[in-house]
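Scroll down for the structure; my scribbles are underneath it.
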Amino acid sequence: MNMSLRCGCAAASDAFIAIELADDLQALQCEACAGTALNLGDYQRWRVRSPQPLAADIVTLPQDGDADSRVRACPNCARLMQRYRPATELEFWLDRCAPCQLVWFDRDEWTALSDLGLAGRLRDVLTDAWQRQLRDDEIDQQREVALRARHGAACMDELARMRDWLDAQPQRDELLALLRAGW
5 MNMSLRCGCA AASDAFIAIE LADDLQALQC EACAGTALNL GDYQRWRVRS
55 PQPLAADIVT LPQDGDADSR VRACPNCARL MQRYRPATEL EFWLDRCAPC
105 QLVWFDRDEW TALSDLGLAG RLRDVLTDAW QRQLRDDEID QQREVALRAR
155 HGAACMDELA RMRDWLDAQP QRDELLALLR AGW
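Using my numbering, the first residue of the sequence shown is number 5, and each one after it goes up by one.
Written out as structure tokens, the structure is:
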């Protein structure tokens, strides 16, 4: 990765060191904040060489606690980077500069992605379809919480059991019509 980078951290550092995110995957890390810049071209070449999925064991969240809510300037070209949420259970956002094809990881974010098995799916995470699915999943989770608060957990569990049973029936629509008709 041959770029002249300048980090947007408090130190405004231009001191980057080469690191290895995974076997044979090189990136540059800011010496001041430990943020990491990954070139998507380098990532794609690594995925071709290492197509096997990465292990997913325990999710390690970034230690800083609060996700940084500000938009990051690209350390290479200073344009504002796009933000992508990798998973609903992760409380951070990845930053990507489309013109430079650069992804920024704050401290421990790559590790969290790897632990969740998403390091090998970075290209997917950076798509509109992935982001839409995350929003839909989050809406479904919020709806489930609201329904459980309104009707109770036992009632919702029973409805889920009935739904699963109905889905397995070959005459599902006929059975639903009978119920609606007051049979």
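For each residue, glycine too, the CB sits at the ideal point set by N, CA and C. This one's a predicted model, so the numbers in the text were calculated from it and none came from an experiment.
Residue environment, residue i, which counts as buried when at least 16 other CB atoms sit within 10 Å
{"i": "Ser118", "result": "buried"}
{"i": "Leu183", "result": "exposed"}
{"i": "Glu148", "result": "exposed"}
{"i": "Glu93", "result": "exposed"}
{"i": "Pro79", "result": "buried"}
Range covered by the alpha helix (DSSP H) that runs through residue i
{"i": "Val107", "result": "Looking at the DSSP string, Val107 is not in any alpha helix (DSSP H); the run it does join, the beta strand (DSSP E), is Leu106 to Phe109."}
{"i": "Asp46", "result": "Leu44 to Arg53"}
Backbone CA spacing between residue i and residue j [nearest angstrom]
{"i": "Tyr88", "j": "Cys101", "result": "11 Å"}
{"i": "Gln135", "j": "Trp187", "result": "43 Å"}
{"i": "Gln137", "j": "Val129", "result": "10 Å"}
{"i": "Arg53", "j": "Leu29", "result": "10 Å"}
{"i": "Glu24", "j": "Met166", "result": "51 Å"}
{"i": "Arg139", "j": "Ala133", "result": "10 Å"}
{"i": "Ser8", "j": "Trp108", "result": "14 Å"}
Enclosing beta strand (DSSP E) for residue i [first to last residue]
{"i": "Glu24", "result": "Phe20 to Ala26"}
{"i": "Arg87", "result": "Gln86 to Tyr88"}
Identified DSSP bridge partners for residue i
{"i": "Leu170", "result": "DSSP lists no partner for Leu170."}
{"i": "Gln30", "result": "Glu24"}
{"i": "Cys101", "result": "Leu106"}
{"i": "Thr40", "result": "Gln33 and Phe109"}
Residues near residue i in its chain [Cβ-Cβ closer than 6 Å; skip 5 each side]
{"i": "Gly12", "result": "Arg76 and Ala77"}
{"i": "Gln33", "result": "Ile21, Ile23 and Thr40"}
{"i": "Ala15", "result": "Ala36"}
Residues near residue i in its chain [Cβ-Cβ closer than 7 Å; skip 5 each side]
{"i": "Arg49", "result": "none"}
{"i": "Gln105", "result": "Asn43, Leu44 and Gly45"}
8 Å CB neighbourhood of residue i in its chain, flanking five on each side removed
{"i": "Gln145", "result": "Thr92"}
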